[in-house]
Structures are given as structure tokens and as C-alpha cells.
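In numbering that gives the first Met the number 0, the protein residues as written are 0 to 159.
The C-beta atom is built at its ideal place from N, Cα and C for all residues, glycine as well.
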Amino acid sequence: MMLKTVFFLSTAINGSSALLHKLREMRNSKTKNQVAALSDKISFNGEEIFGSELAGGSKSVETCYKTSRVDKLESVKVCGVNMKVVIYLPNDCLAKDPHNVEVGVCDGGKPSTTCTEITADKKGDNYWIDSALSYMIMPCDVSQEASVDDAPAINGTALL
């Protein structure tokens, strides 16, 4: 009888632990997805890839995407004050490389219609973005600094 009780308690504890883990995952994913406001929109080369009104759905937040080697990244435009895009030269979305740039206005004091745009200007600081191999859409309150241990999973989806 004692053995059955111990087994039952052990099973109940393991089951509740798994349930708590699942509930935490659901809460965290819900929080990530609720960060964007209706006014938050992100466009690459004039084509919207993130926004609440996209017919095919938006790209996911905090996911590393590889860019297409065929279609060069000529411009990145971010509208709204809740989201940003980090463009990386290497294809792994790690902040350790000196060639990365954040695009977005992360200032709740600015109007929600505020937009910022960068282009691949061969004479400016962003001369390299047309060679960028990865990018990540992130909420403004998340730092782009990542360690090798916390490297995001790479999504094989092409840019355009």
C-alpha cells in the first residue's frame, strides 16, 4: 500500500510539474505575441513582413530568419514604437559580430505612427545591409545581446 501511495504521489508531482511547465510556455508565448500594437509594421524592400493586417500572417517575434542570397536587402522600414528589427551580417543572429544594426523607434513617448527606415547606402554606416544574412524581429524591451549559449534557432525561411 505504501509503495502504491509513493508511486501515485510521484506521478502526480511529475504530471503537475509538466503542466506548470506547459502553462509557463503558453504564458510566455502569449506575452511575446501581445507586444505588437496595431500600428506596428515592418517592411523589407517595400514589402510588409510584419503587421496585424497581413493576410498571410506575420513573421514570428524573437525568431532568427535567414535572408535570401538572391534578393538583396535594400531597405528596412519599421513603423510603431513597440517593435524593432535587428539586421545581422552573419546568418546566426548573434550580436557578437560588429556588423549588426537595430532599426526601430523604441520610445513610448513618440507617436505610434512614427517610422524609421534605413537603406543600403554604400557611402553610409549601413553599407553592408544588402549583404546581411539574418534578421530578428524583437519587442523593444528585449536586448539584442545574445550569448552563444542562448543562440536562437534558425528558421530556414527566405527573406522575400
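- Out of 96, 97, 111, the CA that lies nearest to the CA of residue 103 is found in 111.
- In this structure, DSSP gives residue 133 an extended state, which the three-state scheme calls strand.
- Contact holds between the segment 124-139 and the segment 91-101, because three or more Cβ pairs, one in each stretch, are under 8 Å apart.
- Nearest in C-alpha terms to residue 71, of all of 85, 56, 52, 44, is 44.
- Comparing C-alpha distances from residue 125 to each of 75, 82, 135 shows the shortest one belongs to 75.
- Residue pairing by DSSP places residue 86 opposite 100, 134 in a beta bridge.
- Around the beta carbon of residue 39, a 10 Å sphere encloses 16 or more other beta carbons of the protein chains shown; the residue is thus reported as buried.
- In the DSSP annotation of this structure, residue 73 is not part of any beta strand (DSSP E), being labelled neither H nor E.
- By DSSP's assignment, residue 111 forms no beta bridge with any residue.
- Distance from the CA atom of residue 108 to the CA atom of residue 134, rounded to whole angstroms, is 26 Å.
- Residue burial annotation: residue 83 is buried, with at least 16 other C-beta atoms found within 10 angstroms of its C-beta.
- With respect to residue 91, residue 63 sits close: the two C-beta atoms are nearer than 8 Å.
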